[in-house]
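Numbering (full-length UniProt numbering), first residue to last: 1 to 779.
Cβ coordinates follow ideal geometry from the N, Cα and C atoms, glycine included.
Structure first, commentary second.
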Amino acid sequence: MAPLTRLSLKKGNQTLPISTKKIVGNNDKKVSDNKKQLNISIKKAKCPSLRIQLSALTIPTLKSLLRFNHQNSFGNKSSLISRIVYMVQHGVYPQCPKCMQGRLKIRLHRRKDQSKYYCPGFPISFRSPSFHRCNYITDECRKITFDFPSNSKRKYLISIMNLLRLCHRIINPTRFSLNRQLQQLSSTSKAPSTSLSVGQELHGYIVKEITPVPEFRLIAIKLQHKLTGCQHLHIDREHKNNVWSVAFQTTPKDDTGVAHILEHTALCGSEKFPCRDPFFKMTNRSMATFMNAFTASDWTMYAFSTQNKKDYYNLMSVYLDAVLHPKLDEYDFMQEGWRLEHEKTDDPNSPIVIKGVVFNEMKGVFSDSHQVYARRIQNSLMPTSTYQYESGGDPEAIPTLTWNGLKNFHASHYHPTNGRFFTYGSFPLSDTLAFLNDYLNHYEQQKAKTISLALTEESHWNQSRSVNITCSPQSFVVDSNKTTTASVSYLLGSIRNTWETFLLNIVCSLLVDSEKSPFYKKLIIPNIGTNYSPDTGFGRNTLNTTFHVGLQDISKDDVDNVIKIIDDTFQEVAKEGFEKTQIEALLHQFELGIKHQDENFGLKIILGLIYSWIHGSDPVDSLQITKYVERFNEEIKENPRLLQDVIEKYFLKNNHKLIATMNIDEEYAEKKKQKESELCQQLISQCKDKQSIYKKGLELQKRQSAPQNIDVLPTLSITDIDKKVIRVPIIQGHAGNTYVQLCEQPTNGITYFRCLLNTFDLPNELKPYLPLFVNILTK
């Protein structure tokens, strides 16, 4: 059985229905309705929001629904659930011969003036059934035979009915209690408090700002190191999974991928921990829940998380020494970046080729058509800024990077002054700052370097531009005549403006993110292409935010049509706006997505903040979601055309627009291979001592296979590990005959709901339909 997350339901023992498989309409036998109500009180309990996971249901219900569906195809989710429950309860009935609005049902409790049958109308509501009475009785009606599922199927279906009814009670009326304990279901831990004050000095740091963020039950503390001026953001929160990270602004000035190669090489050993690849070696000496590093378009981050305090400081020492005092050995550069080496290292007669971890990684990236498309669009949309370059490295340019170039880049970018330090969790801030200060104090004699890396926004165009991209053929093609991709991209506002970014995020999500969105209706439903183009949606990973929309797998003849549809859709939305229900649903999902906590909630926070923080924006401002939701609700009341005005400003009147098309080139891979071969020959011709290629290859191989002294790395002892097992209290009970488990956890106000059903009784011939049915039910 899958682990139960917050709240789960399992199939309970149900009272079996009567064994009669067929009940004849004019038979005088009493029929048991088998409709026992769940023993659930109606006391109100707040359930702010809900996530539902239905593990498995049965397909006969779906088949019956298709025959039973009088009004619309499926309707909304509540209507669909209502129909499922009705079918489970009552089986399949013939239509009423008079009104044709529903199927006849035996009236078990009737007055003298009522007929023996009635016709229930649709949709059926759990709380207030809307019955269209039908007293039209004919001989044909009296001869009706009512078919019920077999005993085993009916037992299974009744379990589904009870679980769905329970689900419905929680979703809609939010009325549910179990032994009066569900009122605490979505409660959270106590909000933290701090004894720090603004202006206070602590271990070489000055407290700059203290901001409570009640929606996340945390306190954000901004600090600055006195000697180096580096910024530090601490998130004080009662969470055992503590996170530490440091990020540097690493703006590339070419396509060599120097930032990416430095990220790899820095983790190949440092002054204090000289063993090769300490990052990987620590995985066996640590209880870390996360360890990784990232290279983005204009920043590089190193991050880890752990629940063990000793492990926290062990990892911090390894990470700090790696980023501030890496060895940056020449052979590590050759291994991680690029090198000339014989195809067979120990055979000097084998061909000389280009090797390297990052070089091979980026060759793989540029063989993916989706990656090529997204990256080329970014380069073309911002052609005068740092984003014109490939931060990961272009395989054609990586071999132009030198070892000295790598070391110079580290010296100018990996300085504490250029760093953004982040800590999250329940470990004492004072101890962390004291530990950091011991490292940063080494820069006291060396004045903090003036690092001028601030980016300027891209100059806006006076007219739109276009770009044609080629890629390798895909391995799977639905239609060989539809292999073209076309899209339109826009450069929007600065990510430093949090309110503007919030507004644009809402608008762009409304445009493409759901089946009710305008572009889904105009581009996807007509089946012009198979899906949206790569990178469709709102982009906030650069200084200027962006928006992309288009189609992939279209005909070349449809390119102009797709561009016209996109332009016309913007015009239509600017004129008619969005539905109110769509806006409300998006705001709910937007807030839910931000407040949702997983195991690495702290990591989620820093990865969301770093894009704006690295460019000088206030990182705490981005956390205060409620403030912007409230402002949005106020402004849209005052100006109902708020979102339409955004459409006009950033799309209809925006000339910084890029029209991109991508077509396959059958010789794409061969051309790339030929360019690599020519580049390799050029590098060989520039090499004065060709024998050194063979010697260095052997030396690198020797180093890679040499045993490492990993004892220099910190480790944990058995005494450092808490022997106490963390036990999560579970509230157990029953709702009717359904077994229920409840677990109170700090979930940020979100209630998590999961139903688990045993499919043992489901016939084998129906089990292949389970994934389809579950997918349909949860849409």
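Pairwise C-alpha distance: residue j and residue i
{"i": "F248", "j": "V728", "result": "39 Å"}
{"i": "E678", "j": "E670", "result": "12 Å"}
{"i": "G539", "j": "T546", "result": "5 Å"}
{"i": "T738", "j": "F294", "result": "47 Å"}
{"i": "Q732", "j": "Q745", "result": "15 Å"}
{"i": "R496", "j": "S286", "result": "37 Å"}
{"i": "T339", "j": "S514", "result": "The identity of residue 339 in the sequence shown is Arg, whereas the question assumes Thr. Cα-Cα distance, rounded: 47 Å."}
{"i": "M316", "j": "Q674", "result": "45 Å"}
{"i": "L762", "j": "Y769", "result": "11 Å"}
{"i": "D598", "j": "L233", "result": "21 Å"}
{"i": "T542", "j": "I606", "result": "16 Å"}
{"i": "T581", "j": "Q644", "result": "16 Å"}
{"i": "F651", "j": "F570", "result": "7 Å"}
{"i": "S49", "j": "L587", "result": "Unreliable positioning characterises S49 in this predicted model, as indicated by a pLDDT of 30, which lies under 50. A coordinate reading is not provided."}
{"i": "K702", "j": "V353", "result": "19 Å"}
{"i": "K695", "j": "L328", "result": "20 Å"}
{"i": "S480", "j": "S367", "result": "19 Å"}
{"i": "Y205", "j": "G419", "result": "14 Å"}
{"i": "L642", "j": "N505", "result": "14 Å"}
{"i": "G697", "j": "T402", "result": "17 Å"}
{"i": "H225", "j": "Y312", "result": "21 Å"}
{"i": "L429", "j": "K482", "result": "58 Å"}
{"i": "F773", "j": "L756", "result": "15 Å"}
With 16 other Cβ atoms within 10 Å as the buried cut-off, status of residue i
{"i": "I726", "result": "exposed"}
{"i": "C687", "result": "exposed"}
{"i": "A411", "result": "exposed"}
{"i": "F333", "result": "buried"}
{"i": "R754", "result": "buried"}
{"i": "P351", "result": "exposed"}
{"i": "K355", "result": "buried"}
{"i": "residue 782", "result": "No answer is possible for residue 782: the residues shown for the chain start at 1 and end at 779."}
{"i": "K240", "result": "exposed"}
{"i": "H734", "result": "exposed"}
{"i": "T283", "result": "exposed"}
{"i": "A706", "result": "exposed"}
{"i": "K363", "result": "buried"}
{"i": "I525", "result": "exposed"}
{"i": "P395", "result": "buried"}
{"i": "G393", "result": "buried"}
Sequence-distant residues of its chain with Cβ nearer than 7 Å to residue i (five each side left out)
{"i": "N292", "result": "A303"}
{"i": "L700", "result": "Y331, M334, Q335"}
{"i": "V323", "result": "V246, A266, Y302, Y414"}
{"i": "F273", "result": "V318, D321, V712, L713"}
{"i": "W299", "result": "A247, F248, Q249, T250, I610, I614"}
{"i": "A220", "result": "T211, V213, L233, I235, V620, L623"}
Contact belief for residue i with residue j at Cβ below 8 Å, rounded distance in angstroms
{"i": "E336", "j": "V358", "result": "6 Å"}
{"i": "H615", "j": "L491", "result": "No, H615 and L491 are not in contact; Cβ-Cβ is about 15 Å, not under 8 Å."}
{"i": "L455", "j": "V258", "result": "17 Å between Cβ atoms; not a contact."}
{"i": "L262", "j": "D277", "result": "With a Cβ gap of about 15 Å, L262 and D277 do not count as contacting."}
{"i": "C230", "j": "T417", "result": "6 Å"}
{"i": "S369", "j": "S472", "result": "6 Å"}
{"i": "V549", "j": "V488", "result": "6 Å"}
{"i": "S533", "j": "A486", "result": "7 Å"}
{"i": "D558", "j": "I583", "result": "About 31 Å separates the two Cβ atoms, so there is no contact after all."}
{"i": "S494", "j": "N544", "result": "6 Å"}
Residues near residue i in its chain [Cβ-Cβ closer than 6 Å; skip 5 each side]
{"i": "E648", "result": "A574"}
{"i": "F279", "result": "L267"}
{"i": "N600", "result": "F290, S305"}
{"i": "D347", "result": "none"}
{"i": "Q307", "result": "K240, N241"}
{"i": "I776", "result": "none"}
Sequence-distant residues of its chain with Cβ nearer than 8 Å to residue i (five each side left out)
{"i": "K281", "result": "C275, Q708, I710, L713"}
{"i": "S459", "result": "T384"}
{"i": "V198", "result": "V207, K208, E209, I210"}
{"i": "H325", "result": "S270, E271, K272"}
{"i": "L683", "result": "L340, I354, P399"}
CB contact below 8 Å: residue i versus chain B
{"i": "A293", "result": "No chain B appears in this structure, which consists of one protein chain only."}
Subject >> Meets three-Cβ-pair contact criterion under 8 Å: the segment 229-247 and the segment 424-437 >> reply: Of all C-beta pairs linking the segment 229-247 to the segment 424-437, three or more are shorter than 8 Å, placing the two stretches in contact.
**OP:** Determine, using beta-carbon pairs with one atom in the segment 380-400 and one in the segment 248-258, whether at least three such pairs fall under 8 Å.
**Re:** They touch, by the three-pair rule.
Original post:
Counting pairs of Cβ atoms below 8 Å between the segment 621-638 and the segment 431-442, do you hit three or more?
Top reply: No: fewer than three Cβ pairs fall under 8 Å.
Subject >> Contact between the segment 659-667 and the segment 513-531 (3+ Cβ pairs under 8 Å) >> reply: The segment 659-667 is not in contact with the segment 513-531.
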